[in-house]
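Numbering (the working numbering), first residue to last: 1404 to 1497.
Take a look at the structure:
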């Protein structure tokens, strides 16, 4: 449910009130029962976390660990296949 901001015209206090979008706006202050008006608020701000704006910035730790393991496995497999191809080349040269 959204949070709406109100300002009392009698006591001049600002307050937030959580209500459904279909509910009518408040008419009286929750502090002094004076007349209120709904004020336009900034709303929710955007929060950027991480070192950059990539899809992996918000991944869980378990996902990151699994991806790291897969990366190490694929790197070691690539190194082994590279070594094997070098050995084949050496055999044909000799």
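Heads up, the beta-carbon is just placed ideally off N, CA and C, and yes, glycines get one too. Source: prediction; values computed, not measured.
Here residue 1416 has 1434 as same chain residues with Cβ atoms under 6 Å from its own Cβ, once five neighbours each way along the sequence are excluded. The segment 1420-1432 makes no contact with the segment 1466-1473: fewer than 3 CB pairs, one atom from each, lie closer than 8 Å. In the structure shown, residue 1467 adopts helical secondary structure according to DSSP, grouped into three states. Annotation: residue 1442 to residue 1422 spans about 15 Å, alpha carbon to alpha carbon.
Under the three-state reduction of DSSP output, residue 1438 falls in the strand class. Burial check for residue 1411: the Cβ neighbour count within 10 Å reaches 16 or more, so the residue is buried.
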